[in-house]
Amino acid sequence: MPIPEITKDMVEAYQRDGVVLIRGLWADWVDVLRAGVERNMAEPGPYAAENLKPGEGGRFFDDYCNWDRIPEFERVIRESAVADVAARLMQSARVQLFHDHVLVKEPGTSKPTPWHQDGPYYFVEGRQTVSFWSPLDPVREASLRCVAGSHRWEKEVLPTRWMAETNFYPDSDKYMPVPDPDAEGMTVLEWQMEPGDAVAFDYRTLHGARGNTTASRRRAFSLRLVGEDARYVERPGRTSPPYPGHGMQPGQRLREDWFPVLRA
1 MPIPEITKDM
11 VEAYQRDGVV
21 LIRGLWADWV
31 DVLRAGVERN
41 MAEPGPYAAE
51 NLKPGEGGRF
61 FDDYCNWDRI
71 PEFERVIRES
81 AVADVAARLM
91 QSARVQLFHD
101 HVLVKEPGTS
111 KPTPWHQDGP
121 YYFVEGRQTV
131 SFWSPLDPVR
141 EASLRCVAGS
151 HRWEKEVLPT
161 RWMAETNFYP
171 DSDKYMPVPD
181 PDAEGMTVLE
191 WQMEPGDAVA
201 FDYRTLHGAR
211 GNTTASRRRA
221 FSLRLVGEDA
231 RYVERPGRTS
241 PPYPGHGMQP
251 GQRLREDWFP
261 VLRA
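The numbers in our numbering rise by one with no breaks, and the one at position 68 of the sequence shown is 68.
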């Protein structure tokens with residue numbers, strides 16, 4: 001498949017801002033990804049969640065770690081140009097899969113995706129990380145929103161449970177409180193996007209999304225990859241995803257039989 005042009009300016013923007021837009025990354029794979037999302041929603045995995053409280057309208061479904069049982073996702077991961085794009089953005093010859101993630105906001109879902117960084121939830125750390133967030137429907141207002149430069153903050157943002165609104169780990173002092181980027185005048189980057197476009201962002205980049213108040217669905221497929229310097233770290237509690245029984249030790253690379261190397 002053709003590789004989207006990743007220019008020097010795009011790589012520099014990714015390194016500087018922790019986020020960059022890639023037009024058409026999966027433009028040729030939209031139908032495959034849509035089929036995978038429908039399969040995922042019809043046959044949810046053990047981590048599937050409905051992220052609305054009683055009385056909140058619409059539906060906000062998410063699920064992750066399903067690539068090895070949903071062939072459409074595995075095809076895109078292995079056959080599309082995403083690993084080559086990731087290598088360029090991360091400046092890493094090695095690209096390894098971490099996990100996939102599906103997020104669906106049905107029409108009339110006013111609930112936003114809270115501001116958060118992915119990194120503190122994960123058991124992997126490194127400077128070479130990238131997530132790709134790709135809508136499978138046109139998005140205008142319900143696009144991903146990222147705070148430029150937040151991947152370089154000295155302190156990570158406190159991870160919380162979205163539904164319970166409680167702290168994810170017992171030791172919250174090592175984290176900074178969740179900011180309000182709009183109220184605090186931070187530089188928030190967001191784009192109107194077409195199906196198959198993708199926002200690439202660092203695991204440490206603060207991001208969120210508005211609710212979907214339109215009459216159309218907002219299906220999104222996200223893929224998380226890591227590079228050469230990524231290593232397993234222990235957290236003070238159950239991570240998300242948890243991957244029980246992984247058997248890894250601090251400082252090790254992610255085990256390749258669970259997290260395939262896509263490019264070396």
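We treat Cβ as the ideally placed atom computed from N, Cα and C, and that holds for glycine.
If the five residues before and after Tyr121 are omitted, its C-beta is found closer than 8 Å to the C-beta atoms of Pro159, Phe168, Thr239 and Ser240, all from its own chain and listed in chain order. Taking all protein chains in view, the Cβ of Ile3 is surrounded by fewer than 16 other Cβ atoms within 10 Å, so the residue is classified as exposed. Per DSSP, the continuous alpha helix (DSSP H) segment holding Arg16 begins and ends at Lys8 to Asp17.
When secondary structure is reduced to three states using DSSP, Met41 falls in the helix class. Secondary structure note for Asp84: its alpha helix (DSSP H) is the uninterrupted segment Val82 to Met90.
Around the beta-carbon of Met176, fewer than 16 other beta-carbon atoms lie within 10 Å, marking it exposed.
At a Cβ-Cβ threshold of 8 Å, Ala200 and Phe98 do not count as neighbours. Cβ atoms of Ile6 and Arg88 come within 8 Å of each other, at about 4 Å.
Burial check for Ala93: the Cβ neighbour count within 10 Å stays below 16, so the residue is exposed.
The Cβ atoms of Ala230 and Val124 lie closer than 8 Å to each other.
Here Tyr47 is not near Asp28, since their CB atoms are 8 Å or more apart.
In terms of Cα proximity to Gln192, the closest of Arg140, Arg204 and Tyr203 is Arg140. The DSSP assignment places complete beta strand (DSSP E) segments of no fewer than 3 residues inside the segment 123-176 at 129-135 and 144-147, in order along the chain. As DSSP reads the structure, Gly208 sits in a beta bridge with Arg145. Put simply, of Leu52, Ser134 and Glu56 the residue whose alpha carbon is nearest the alpha carbon of Val76 is Ser134. Distance from the CA of Glu234 to the CA of Ala215, rounded to the nearest whole angstrom, comes to 43 Å.
Leaving aside the five residues that flank Thr113 on each side, the residues in its chain whose CB is nearer than 7 Å to its CB run, in chain order, Gly208 and Ala209.
In terms of Cα proximity to Asp17, the closest of Arg78, Ala220, Leu225 and Gly149 is Gly149. According to the DSSP assignment, Pro114 belongs to the beta strand (DSSP E) that extends over Thr113 to His116.
For Arg75, no beta strand (DSSP E) run applies; the uninterrupted alpha helix (DSSP H) run containing it begins and ends at Pro71 to Glu79, by DSSP. In this structure, the CA atom of Pro244 is about 12 Å from the CA atom of Trp258.
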